[in-house]
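Following this note's numbering, the numbering of the sequence shown begins with 991 at its first residue and continues without gaps. Even for Gly, the Cβ is constructed at its ideal location relative to N, Cα and C. Worksheet for the structure shown next.
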Amino acid sequence: MLKESAALLSWLFSSRQVPAGILVITLAISAFFVSFSAHNMRQAYRDLQILQKEEDDLDHEYEKLMLERGAWADYSRITEVAEADLAMRSPSPDELVVLR
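Okay, structure coming up:
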């Protein structure tokens, strides 16, 4: 058994097998980094999709707020609030004073 192990070790570390061993180790390292890169790309793509959905949600909320802002700034709404809450009214023609 010891003789066979020694023969196997001498065969593995012979000058003809060293380049093949280096190639196998390089291949294993390369496969690991390909897998690692693919995993990182999947995570980055998932994060991108989450951020794009958040952007869409914020755009939708912004559009709603702009519509609401337009409704609050409407002239008829301002007139209604001025008359109801502030007891304001349009002056009659005889109350108008023109300055020159």
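Helix, strand or coil for residue i per DSSP?
i     : result
L1057 : helix
L1048 : helix
P1009 : helix
P1081 : coil
S1004 : coil
Rounded to the nearest angstrom, what separates residue i and residue j at their Cα positions?
i     : j     : result
E1058 : I1068 : 14 Å
E1045 : L1017 : 42 Å
L1041 : P1009 : 47 Å
V1014 : S1027 : 20 Å
Q1033 : L1048 : 23 Å
Can you give the beta carbon distance from residue i to residue j, rounded, assuming they're within the 8 Å contact cut?
i     : j     : result
R1079 : E1073 : 6 Å
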